[in-house]
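Chains as they are written, first to last, in my numbering: chain Y, 197 to 383; chain F, 197 to 383.
There are 2 protein chains.
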Amino acid sequence: MTSTRDALIDAAADLLTTGGPAAVTLREVGRRAGVSHNAPYKHFADKEELLAAVAARDLDRRAAATRRAARYRPPAEALRAMLHGYARHAARDPELFRLTYGSWHDGSADLGAAATAARAAFVDVVVAAQADGSLPPGDPERLAALMLALVHGATDLALSGHLARRGKGHADPADLVDDLLGHLGAR
Amino acid sequence: MTSTRDALIDAAADLLTTGGPAAVTLREVGRRAGVSHNAPYKHFADKEELLAAVAARDLDRRAAATRRAARYRPPAEALRAMLHGYARHAARDPELFRLTYGSWHDGSADLGAAATAARAAFVDVVVAAQADGSLPPGDPERLAALMLALVHGATDLALSGHLARRGKGHADPADLVDDLLGHLGAR
DNA sequence: ACCTGAACACCGTTCAAGT
DNA sequence: ACCTGAACACCGTTCAAGT
């Protein structure tokens with residue numbers, strides 16, 4: 197049993213993934229959800245709030261995937277898996293990635309909570325990696341921010357074509373993650 | 197003497213900076229440039245191409261500012277100044293930053309050339325910093341990519357509110373740049 | 001409480017025409 | 001070569017009304 201609200205979020209996410217932001221029209225969202233073109237206004241204040249709900253759902257799923265990547269693995273390995281997973285997810289659905297980490301939707305408390313939860317899952321593994329000596333000491337939140345910023349930036353630059361594409365300078369986001377972990381002394 | 201084309205680019209950049217992407221309408225761009233609402237089509241194939249021209253101009257200016265930041269300074273200091281300048285520029289004009297590094301405008305060869313030039317200016321300083329021992333050896337383009345990805349990611353996450361805002365985990369993009377340089381052993 | 005259909009203002013783009 | 005004004009299709013949003 198999916199509520200109309202969930203059907204609207206599904207439809208919006210599908211349209212975004214398939215056709216980019218321009219394809220997400222409330223008219224088409226309504227049509228796919230089997231309701232009229234302005235039924236969305238009974239569930240969301242406006243289009244931006246609908247998109248914020250799509251982003252919040254993506255963040256929730258990422259946080260879950262991040263925690264899964266950490267299970268049954270030594271911290272250093274879990275760390276690498278989480279960061280690689282971040283880049284892989286973005287490469288698989290660039291439009292959704294851009295929405296989720298795009299311009300901030302102030303209206304949504306859900307989004308803020310989901311973002312905090314996703315970050316917390318990552319910080320936990322950083323703490324564990326520091327405890328077993330595979331990451332240097334220091335404020336774990338700040339070290340986590342360093343790694344998240346790196347993987348986010350590498351991913352975003354790769355998507356927009358601002359990373360050298362070929363030749364000796366070529367590097368995937370995953371390569372840059374490995375470079376950073378190497379410089380940090382993670383084993 | 198500014199051509200109509202330059203006036204259109206100016207108007208579009210102004211509107212973007214002031215009111216975000218939604219404020220950039222061809223009608224208002226034309227009005228500010230003193231022409232009709234579809235005169236832009238005589239200079240650009242469509243709206244996207246106009247925005248690509250705005251982005252290319254921004255990249256050119258950044259490349260120039262990056263080279264300026266490197267003059268009369270030891271490499272390690274120049275490096276830090278360039279990276280801090282990157283973050284500062286983005287904080288000063290977030291909308292322009294998002295446009296320039298946002299979804300790729302395939303149509304524009306100018307944009308690709310401008311992006312390559314901006315990157316090259318940075319790589320030169322990395323090479324100099326490696327030569328005087330303030331950066332570790334290795335492929336300079338790849339090391340440059342690591343630093344650019346970090347400052348880009350930190351900046352983008354800060355703009356979208358995905359970086360911890362307060363408390364012990366708080367870190368500016370500039371702080372994360374310094375952290376990375378510290379881990380790389382830059383003096 | 002949730003939904004519909006008509007309507008409004010606005011936008012990107014096209015086209016025929018002007019100089 | 002560059003520009004204008006009218007027109008078209010489309011979109012987000014509002015509103016009065018229905019169950």
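Glycine included, each C-beta is placed from N, C-alpha and C at the ideal position.
Given the structure is predicted, the values throughout are model-derived calculations rather than measurements.
- Per DSSP, reduced to three states, the secondary structure at Y:R267 is coil, with no helix or strand assignment.
- Nearest in C-alpha terms to Y:G298, of all of Y:V250, Y:R263, Y:S330, is Y:V250.
- Contact between Y:A325 and Y:L279 does not hold, since the beta-carbon distance rounds to 12 Å and is not under 8 Å.
- Apart from sequence neighbours up to five positions away, the residues of its chain that approach F:D289 with a beta-carbon distance below 6 Å are T213, ordered along the chain.
- Around the beta carbon of F:T312, a 10 Å sphere encloses fewer than 16 other beta carbons of the protein chains shown; the residue is thus reported as exposed.
- Within the same chain, Cβ atoms closer than 7 Å to the Cβ of Y:E337 are found at V319, the five residues on either side in sequence being excluded.
- Excluding sequence positions up to five before and after F:D202, its CB lies less than 7 Å from no other CB in the same chain.
- Y:P332 sits close to Y:G381, with the two beta carbons spaced by under 8 Å.
- Closest by C-alpha distance to Y:L292, out of Y:A229, Y:P271, Y:D352, is Y:D352.
- Here the alpha carbons of Y:P369 and Y:L355 stand approximately 10 Å from one another.
- F:L222 and F:H233 do touch by the CB rule: their CB atoms are close to 6 Å apart, below 8 Å.
- Assigned with DSSP and collapsed to three states, F:Y237 falls in helix.
- Burial check for F:A208: the Cβ neighbour count within 10 Å reaches 16 or more, so the residue is buried.
- F:Y282 has a beta carbon lying at 8 Å or more from every beta carbon in chain Y.
- Boundaries cannot be given for F:D328, as no alpha helix (DSSP H) includes it and DSSP labels it neither H nor E.
- Among the residues facing chain F, Y:S299 is included, as its CB has a counterpart in that chain under 8 Å away.
- Between F:A259 and F:A317, the C-beta gap is smaller than 8 Å, which places the two residues in contact.
- Bounds of the alpha helix (DSSP H) holding Y:A207 are 200-215.
- In this structure, the CA atom of F:L372 is about 43 Å from the CA atom of Y:G226.
- Going by C-alpha positions, Y:L342 is about 32 Å away from Y:I205.
- When 9 Å is used as the limit between beta carbons, Y:G349 is near these residues of chain F: L344, A345, L346, V347, H348, G349, A350, T351, D352, L353, in chain order.
- Cβ contact annotation for Y:D375 (same chain, cutoff 7 Å, sequence separation greater than five): none.
- Chain-order list of chain Y residues neighbouring F:S356: Y297, G298, S299, W300, by C-beta distance under 7 Å.
- Around the CB of Y:P236, 16 or more other CB atoms lie within 10 Å, so the residue is classed as buried.
- In the assembly as shown, Y:G216 is an exposed residue. Its beta-carbon has fewer than 16 other beta-carbons within 10 Å.
- Chain F has a Cβ within less than 8 Å of the Cβ of Y:R294.
- When the five nearest sequence neighbours on each side are left out, the beta carbons in the same chain lying within less than 8 Å of the beta carbon of Y:H348 are those of Y282, Y297, in order along the chain.
- Per DSSP, the unbroken alpha helix (DSSP H) holding Y:L292 starts and ends at 290-296.
- Looking only at F:S199, F:A314, F:A261, F:V322, the smallest Cα-Cα distance to F:L377 is reached by F:V322.
- Linking F:D210 to Y:R267 through their CA atoms gives a straight-line distance of about 49 Å.
- In the structure shown, Y:D352 falls within a helical segment according to DSSP collapsed to helix, strand and coil.
- Y:A229 sits in a helix when the DSSP states are folded into three classes.
- For Y:A272, not one C-beta of chain F is nearer than 8 Å to its own C-beta.
- In summary, no residue of the segment 197-224 of chain F has a CB separated from any CB of chain Y by less than 7 Å.
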